[in-house]
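To keep things clear, I will list the structure first and then write my remarks on it.
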Amino acid sequence: MDGQASPTKSRPATSDIAFARHPEFYFTDGSIVIIVERTAFRVHQSILARHSDVFAALWDVPQPRKTDLYDGCPKVELQGDSLNDFVDVMKVLYDVFYFDKIKHDTNLSSLITFIAGILRISTKYSMTDIRNKCISIIQDKFPSTLKGCDDVLGRGVQYVPSEIVRIIPLARETNVPKVLPWAFYLCTHIPVDEILANTVLEWRDKALCLAGKERLWEMQKTLTHTFLLDFKQCSTCTTGCQMRLPRNLKLNDIESIRDSPHPLQEYTDWKSLMLCVKCQQTFESQHKDGREKVWQMLPSIFHLGTWDDICKDQSA
Numbered sequence: 110m111d112g113q114a115s116p117t118k119s120r121p122a123t124s125d126i127a128f129a130r131h132p133e134f135y136f137t138d139g140s141i142v143i144i145v146e147r148t149a150f151r152v153h154q155s156i157l158a159r160h161s162d163v164f165a166a167l168w169d170v171p172q173p174r175k176t177d178l179y180d181g182c183p184k185v186e187l188q189g190d191s192l193n194d195f196v197d198v199m200k201v202l203y204d205v206f207y208f209d210k211i212k213h214d215t216n217l218s219s220l221i222t223f224i225a226g227i228l229r230i231s232t233k234y235s236m237t238d239i240r241n242k243c244i245s246i247i248q249d250k251f252p253s254t255l256k257g258c259d260d261v262l263g264r265g266v267q268y269v270p271s272e273i274v275r276i277i278p279l280a281r282e283t284n285v286p287k288v289l290p291w292a293f294y295l296c297t298h299i300p301v302d303e304i305l306a307n308t309v310l311e312w313r314d315k316a317l318c319l320a321g322k323e324r325l326w327e328m329q330k331t332l333t334h335t336f337l338l339d340f341k342q343c344s345t346c347t348t349g350c351q352m353r354l355p356r357n358l359k360l361n362d363i364e365s366i367r368d369s370p371h372p373l374q375e376y377t378d379w380k381s382l383m384l385c386v387k388c389q390q391t392f393e394s395q396h397k398d399g400r401e402k403v404w405q406m407l408p409s410i411f412h413l414g415t416w417d418d419i420c421k422d423q424s425a
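Residue numbers for the sequence shown follow the numbering used here, beginning at 110 and rising by one.
The following block contains the structure:
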């Protein structure tokens, strides 16, 4: 996996340099001292090696005779890692039930805060099982299949704009592209001025959101919801559905849809349209096929390639 890192072995230095000992993860029987942001973690080499291919490979290399020690243990300093992120990973390693703290109905803000640091560290140090667990938790809210999309819509998952935008840079940083199409789709529901003023998204991602807004609106008109936005009765209609159904939505309704397009929203209230059997069957089929087309095209709308490309990238 791209982006994997090797811990940096300490440069020659005296072993009496003062580091703050972490109050929870400094074990008297620990066999290795990890330094993160000048905080010392005395933990168990065997546990790290079991969960991390990077750490396992580090200790497969013969150690020099003069190894820098701290409190009698080999010392390894990690560069570029957040102290809070590393603490979160230690909690996972030393508490088998730690992930159980995330419930199925946990709100998005809490979920991202809980998972972000663990995902970053597990990706960087090739902690495959932990990384996969993080991804499965995120994909419960950011699906990569149309069935999963219908599931989150049916569950009424609440998406707050300020939290949606946090997923995009996190997914790019940690190589989890499967969540990006749905994340970008949700971002198109954010008002234009809020997208432009956002300080989390990069400008390229803001541009993708704005362009995607227009693409999805066109798809809603022409592929998924034509029966509402541009109704034309089926060729075999003999009961005058064209005359009974209002020709156009109110201007305010159309503008609202254009500002927040939702072509993947499944329409179910067919009886309220009072269509003949033939027209209803035709438009139900068009709606179903249109939603499938939109889903298949979703990655390309945001310049992410195809779903196959995304799956290959994430597993690389």
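Using N, Cα and C, we set each Cβ at its ideal position, and we do this for glycine too.
ask   = When we look at the beta-carbon of M199 and count the other beta-carbons within 10 Å, is it buried (16 or more) or exposed?
value = With 16 or more Cβ atoms within 10 Å of its Cβ, M199 is classed as buried.
Please report the residue range of the alpha helix (DSSP H) in which E282 lies. Taken as a continuous stretch (DSSP letters only), the alpha helix (DSSP H) holding E282 covers 270-282.
For this session: Compute the Euclidean distance between the alpha carbons of K69 and D190, then round it to the nearest angstrom.
Result: Residue numbering for the chain in the displayed model covers 110 to 425; residue 69 lies beyond these limits and cannot be assessed.
> Between E303 and the rest of its own chain, which residues show a CB-CB distance below 7 Å, the 5 nearest in sequence each way excluded?
Replying inline: The answer, listed in chain order, is P270.
Q) On the three-state DSSP scale, how would you describe K184? A) In this structure, K184 counts as strand in the three-state DSSP scheme.
If we require 4 or more residues per run, which alpha helix (DSSP H) segments fall completely within the stretch 203-239? DSSP runs (the alpha helix (DSSP H)) wholly in the stretch 203-239: 217-233.
message = In this structure, how does DSSP classify A306 when only helix, strand and coil are distinguished?
response = When secondary structure is reduced to three states using DSSP, A306 falls in the helix class.
With H, G and I counted as helix, E and B as strand and the rest as coil, what does DSSP make of N357? Confidence is the limiting factor: at N357 the pLDDT is only 46, short of 50, which leaves the residue's position unreliable and the question unanswerable from this model.
What number of angstroms, rounded off, separates the C-alpha of S381 from the C-alpha of R275? Taking the straight line from one Cα to the other gives about 39 Å.
Task: Nonlocal neighbours in the same chain, by C-beta distance under 7 Å from C350, ignoring five residues either side - done: The residues are Q342, L384, C385, C388.
Practice prompt. Alpha carbon to alpha carbon, how far is F150 from D238? Give it in angstroms, no decimals.
Written response: Taking C-alpha positions only, D238 is separated from F150 by approximately 22 Å.
Next on the checklist: Taking the alpha helix (DSSP H) that A158 belongs to, which residues open and close that run?
Outcome noted: Start and end: 154-160.
| task | Check whether the Cβ atoms of I277 and D249 sit closer than 8 Å, and answer yes or no. | result | No, Cβ-Cβ distance for I277 and D249 is not below 8 Å.
Measure the Cβ-Cβ separation of I144 and L192 and say whether it is below 8 Å.
-> For the 8 Å CB-CB criterion, I144 and L192 do not form a contact.
Note to self: Looking only at its chain, what residues have a beta carbon closer than 6 Å to the beta carbon of I410, apart from the 5 residues adjacent to it on each side?
What the structure shows: Counting only Cβ-Cβ distances below 6 Å, and skipping sequence neighbours, we find G321, R324.
* Asked: Alpha carbon to alpha carbon, what distance is there between F195 and I366?
  -> Going by the C-alpha atoms only, they are around 43 Å apart.
* Over the uninterrupted beta strand (DSSP E) stretch that includes E133, give me the two end residues. => That run of the beta strand (DSSP E) goes 129-135.
Name the DSSP bridge partner or partners of Y294?
-> Per the DSSP secondary-structure output, Y294 pairs with nothing in a beta bridge.
How would you write the range of the alpha helix (DSSP H) that V386 sits in, first residue to last? Counting along the chain, V386 sits inside the alpha helix (DSSP H) bounded by residues 386-410.
Exercise. Roughly how many angstroms lie between the CA atoms of L167 and L202, to the nearest whole one?
Worked result: Approximately 18 Å between the Cα atoms of the pair.
Original post:
Using DSSP with H/G/I as helix, E/B as strand and the rest coil, what is S424?
Top reply: Note: S424 maps to helix in three-state DSSP.
Under the three-state reduction of DSSP, which class applies to T331: helix, strand or coil? T331 falls in the helix class under three-state DSSP.
8 Å CB neighbourhood of S155 in its chain, flanking five on each side removed: In chain order, S140 place their CB closer than 8 Å to the CB of S155, counting only its own chain and leaving out the 5 sequence neighbours on each side.
Between which two residues does the alpha helix (DSSP H) carrying V261 extend?
-> Unbroken alpha helix (DSSP H) run through V261: 255-264.
- Message: In the DSSP assignment, the beta strand (DSSP E) including V145 goes from what residue to what residue?
- Response: Unbroken beta strand (DSSP E) run through V145: 141-145.
Can you tell me the Cα-Cα spacing of G226 and R400, whole angstroms?
Each residue's Cα considered, the two are about 35 Å apart.
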